[in-house]
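Going by the numbering used here, the letters in the sequence shown line up with residues 2 to 192, in that order. In what follows, a structure is listed as structure tokens, so that the remarks can point back to it.
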Amino acid sequence: MRKTVFHGALAPLLGLAPLLAVAAGAAGPGADQAALPAGIQFPDVPATAGAGAAPSGGDAGKQYLFIAGSSLHRKDNNTLVNPAPSGCVTSNGWVVADLQLPDGVILEGVRAYYSNSGVIDGMVSITRNNGAGAQIDLASGVLFHTMGWASTYFQLIVPEAINHLSYSYVLQGWAPNGVQLCGLRVAYSLP
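Below, the structure written as structure tokens:
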């Protein structure tokens, strides 16, 4: 009943009808691009690629975990996080999300979805922590100035088998003024 009331009455008012149609499976091929808010299109993601499409259009055996920009939180108390109406975030410092993948899967990379119209580029990384203070960036990269929506894939040089007994894994992003970090899609495969 609640779902029906929301879909019927509130969704059109909030402009969420296309997103709910995709979530309900009502949309056909190309629905992933059609579901984005007006004006948002990531040029290097084909319109027919579904949520399970490989980052570079290849391996069908890959699995994905998507972390929305709005779910990232500040790394320290000095960081201000500004959520945008689109679900993206900007910040004056690092924003993070704990990366919880099944133990033993092979971590391969991360795709960042963003817009950068500022003068300073943002950054993204996957960091491995050993609990004793040592951190290693397994993959990292710069979110270059784009003047619009873009996505960039950052591949691990050597794929990493997830080992939660010895390490914790963190997604990190830095989205200064003019950069909106909208989401991070982690690519991994089964061993």
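Ideal Cβ positions, reconstructed from N, Cα and C, are used throughout, including at glycine.
Top-ranked residue by Cα proximity to residue i, from the options
i: GLY123; options: ILE107, GLY110 and SER141; result: SER141
i: ALA113; options: HIS165, SER92, ALA151 and VAL171; result: ALA151
i: SER118; options: LEU182, ASN164, HIS74 and LEU100; result: LEU182
i: ASP104; options: TRP95, GLY174 and SER167; result: SER167
i: GLN101; options: GLY184, ILE137, PHE67 and TRP175; result: PHE67
i: GLY184; options: HIS165, THR153, GLU161 and VAL120; result: THR153
i: VAL159; options: ALA133, ILE137 and HIS165; result: ILE137
Short Cβ contact (9 Å threshold) for residue i with residue j
i: PRO192; j: ILE127; result: no
i: ASN83; j: VAL90; result: yes
i: GLY70; j: GLY149; result: no
i: VAL171; j: ASN131; result: no
Own chain residues within Cβ distance below 6 Å of residue i, not counting five before or after
i: LEU202; result: Here the chain comprises residues numbered 2 to 192, so residue 202 is not present and cannot be evaluated.
i: VAL187; result: LEU66 and VAL111
i: PHE155; result: GLY110, VAL111, ALA140 and GLY142
i: ALA85; result: GLN181
8 Å Cβ shell around residue i - same chain, five flanking residues per side excluded
i: SER72; result: ALA98
i: LEU157; result: LEU108, GLU109, GLY110, ILE127, LEU139 and ALA140
i: ILE121; result: PRO177, ASN178, GLY179 and VAL180
i: VAL96; result: LEU73, HIS74, ARG75, LYS76, THR80, VAL82, VAL90, GLN173, GLY174, TRP175, ALA176 and LEU182
i: ALA162; result: GLY105, VAL106, ILE107, LEU108 and PRO192
Residues of its chain near residue i, where Cβ-Cβ distance is below 7 Å and the 5 sequence neighbours each way are ignored
i: THR147; result: SER116 and ASN117
i: PHE145; result: ASN117 and ASP122
i: GLY88; result: ALA69, GLY70, SER71 and CYS183
i: HIS165; result: ASP104
beta-carbon residue i near the ligand GTP non-hydrogen atom, thresh 8 Å
i: PHE67; result: In the structure on display, the ligand GTP does not appear, and there are no ligands present to speak of.
Expected contact under 8 Å - CB spacing of residue i and residue j to nearest Å
i: LYS63; j: SER190; result: 5 Å
Length-filtered (3 minimum) beta strand (DSSP E) runs lying within the segment 81-128: 82-84, 90-92, 95-99 and 107-117
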